[in-house]
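Visitor:
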Amino acid sequence: MRSYVVYADQTCKIVDDMPMPKYGDYDALVKIESCGVCAGTDTKIIHGKFKGVDNYPVVLGHEGVGRVVEKGAKVTNFEIGDLVLMPYWSDVPEGYYSGWGTYSEYNIVTDAKAMADDGLTPDAFAWGQCKLPADFDPVSSAMIITFREVLSTMKRFGFESGKSIAILGLGPVGLSFVKFAKLMGMSPVIAMDIQDEKLERAKACGADYVINTKNESMVDAIKAICPEGLDFALDAVGYNPFINQALEVIKSDAKVCVYGISEDMNTNVDWSKCPYNWTLHFHQFPLKEAEAGAHDQIVQWIKDGVLDPNDYISHVFDFDDIEKAFDIIKRREPAMKMVIRF
Numbered sequence: 536m537r538s539y540v541v542y543a544d545q546t547c548k549i550v551d552d553m554p555m556p557k558y559g560d561y562d563a564l565v566k567i568e569s570c571g572v573c574a575g576t577d578t579k580i581i582h583g584k585f586k587g588v589d590n591y592p593v594v595l596g597h598e599g600v601g602r603v604v605e606k607g608a609k610v611t612n613f614e615i616g617d618l619v620l621m622p623y624w625s626d627v628p629e630g631y632y633s634g635w636g637t638y639s640e641y642n643i644v645t646d647a648k649a650m651a652d653d654g655l656t657p658d659a660f661a662w663g664q665c666k667l668p669a670d671f672d673p674v675s676s677a678m679i680i681t682f683r684e685v686l687s688t689m690k691r692f693g694f695e696s697g698k699s700i701a702i703l704g705l706g707p708v709g710l711s712f713v714k715f716a717k718l719m720g721m722s723p724v725i726a727m728d729i730q731d732e733k734l735e736r737a738k739a740c741g742a743d744y745v746i747n748t749k750n751e752s753m754v755d756a757i758k759a760i761c762p763e764g765l766d767f768a769l770d771a772v773g774y775n776p777f778i779n780q781a782l783e784v785i786k787s788d789a790k791v792c793v794y795g796i797s798e799d800m801n802t803n804v805d806w807s808k809c810p811y812n813w814t815l816h817f818h819q820f821p822l823k824e825a826e827a828g829a830h831d832q833i834v835q836w837i838k839d840g841v842l843d844p845n846d847y848i849s850h851v852f853d854f855d856d857i858e859k860a861f862d863i864i865k866r867r868e869p870a871m872k873m874v875i876r877f
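Each residue of the sequence shown is one higher than the one before, starting from 536 at the first, in my numbering.
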């Protein structure tokens, strides 16, 4: 089969003769139909900047959607033909290392519940591998992985109805935070970016206020909107200076939340201008059981027409053209979620 691989010198290519994944009694073989491009994690692995990924070459891709084509003897919760989210190929061939491996034509899901029922402990990742309704589009459904991550992370951060929030970074992740904050009843929701097009998208997602931080001071603008201070300030893109800026505009016992992953792994925190009591909360690797807990809500919003994954997708490329997606990231061209179609 074919897989997309990054090497230690940061070069990437499609490997045409990758061995097929091997599956066990509790696993199912999945034919991949799409995989979302994660501009954060994927590019940081390519640049050698993702914490915990130290050995190369790495088989990339972690936002996969596919259909079950074969299954092991003890699989009871997946059937042939099921549309499934987030396959994970941990046992990649010798000489390669796993970056979840979903930029591949085939991958694996594991029946975590069947394993647990038999007294076994599945890999934590398996709990996030869920079925989708059969009529869901397999290409746009790649966005559901981001939706689940965002909604589960909001719960971890402790977001509440009626609380104020400012969100920096309006890519597909940041816009999902905006949308779900409004659905949760947070108010006001302030959306911030340096691109006017993204600010318009945030308005469409329900943002009460938008701030172009390239043209005006984030601190001054937020103080004008919330003179009493914010309950939550969220970095959804990975911009370390945001932490100190946010500390100037939060109220007592508020929280500065960091979800976006910066390649710069350190910063100096200046709390001279903030209240005495506050919390800095990093949550940069969503828990798979928590994601599974958000799954049904996301699916229901899509069924009800409250949420449309296509609104967050700007580009779809065939697997042969995967480099076009990463070229857009390298050139910093405006883009939302990009999806690779198999």
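Where a beta carbon is used, it is the ideal one built from N, C-alpha and C, also for glycine.
Using a threshold of 9 Å, state whether the C-beta atoms of residue 603 and residue 565 are closer than that.
Guide: Start at 1 with the first residue of the sequence shown, and residue 603 comes out as number 68. Start at 1 with the first residue of the sequence shown, and residue 565 comes out as number 30. In this structure, residue 565 lies closer than 9 Å to residue 603 by Cβ.
Visitor: Which ranges does the alpha helix (DSSP H) cover as unbroken runs of at least 4 residues, wholly within the region 614-687, from first to last along the chain?
Guide: The qualifying runs are 647-652.
Visitor: From residue 599 to residue 806, what does the alpha carbon distance come to, in whole angstroms?
Guide: Position 64 of the sequence shown, counted from the first residue, corresponds to residue 599. Position 271 of the sequence shown, counted from the first residue, corresponds to residue 806. Near 41 Å, if we compare the C-alpha coordinates of residue 806 and residue 599.
Visitor: Which residue spans inside the region 751-798 form an unbroken alpha helix (DSSP H) run of at least 4?
Guide: DSSP runs (the alpha helix (DSSP H)) wholly in the region 751-798: 753-760, 776-782.
Visitor: Of all the options 795, 541, 761, which has the alpha carbon lying nearest to the alpha carbon of residue 722?
Guide: As a first step, residue 722 is located in the sequence shown; it is residue number 187 there, counting from the start. For the residues 795, 541, 761, the minimum Cα distance to residue 722 belongs to 761.
Visitor: So, for residue 663: in the same chain, excluding its five sequence neighbours on each side, which residues have a beta-carbon less than 6 Å away from its beta-carbon?
Guide: Translated into positions along the sequence shown, residue 663 becomes position 128. Only 621, 823, 826, 827 meet the Cβ criterion.
Visitor: Here's the rule: buried if 16 or more other CB atoms are within 10 angstroms of the residue's CB, otherwise exposed. What is residue 866?
Guide: As a working mapping, residue 866 is identified with position 331 in the sequence shown. Exposed: under 16 other Cβ atoms inside 10 Å.
Visitor: Measuring only the C-alpha atoms, how far is residue 753 from residue 764?
Guide: Indexing the sequence shown from 1 puts residue 753 at position 218. Indexing the sequence shown from 1 puts residue 764 at position 229. Computed Cα separation, rounded: 13 Å.
Visitor: Considering Cα atoms alone, identify which of 684, 675, 718 is closest to residue 660.
Guide: As a position in the sequence shown, residue 660 is number 125, starting the count at 1. It is 684.
Visitor: Do the region 705-719 and the region 774-789 make contact, defined as three or more Cβ pairs closer than 8 Å?
Guide: Contact between the region 705-719 and the region 774-789 is absent, because fewer than three Cβ pairs lie under 8 Å.
Visitor: Which whole-angstrom value is the C-beta distance of residue 580 and residue 541, which I expect to be below 8 Å?
Guide: Within the sequence shown, residue 580 is the residue found at index 45, counting from 1. Within the sequence shown, residue 541 is the residue found at index 6, counting from 1. Their Cβ separation, rounded to whole angstroms, is 6 Å, which keeps residue 580 and residue 541 in contact under 8 Å.
Visitor: By a C-beta neighbour count over all protein chains shown, 10 Å radius and 16 as the cutoff for buried, is residue 810 buried or exposed?
Guide: Sequence index remark: in the sequence shown, residue 810 carries index 275 (1-based). Classification for residue 810: exposed.
Visitor: Are the Cβ atoms of residue 766 and residue 695 separated by less than 9 Å?
Guide: Here residue 766 is taken as the residue at index 231 of the sequence shown, counted from 1. Here residue 695 is taken as the residue at index 160 of the sequence shown, counted from 1. Yes; because the gap between Cβ atoms is below 9 Å, this pair is in contact.
Visitor: Could you check whether the region 831-838 touches the region 672-688, counting it as contact only if at least three pairs of C-beta atoms, one from each stretch, sit closer than 8 Å?
Guide: As far as the Cβ criterion goes, the region 831-838 touches the region 672-688, which means the pair count is three or higher.
Visitor: Can you find at least 3 beta carbon pairs, one from the region 638-653 and one from the region 840-847, that sit closer than 8 Å?
Guide: Touching, no.
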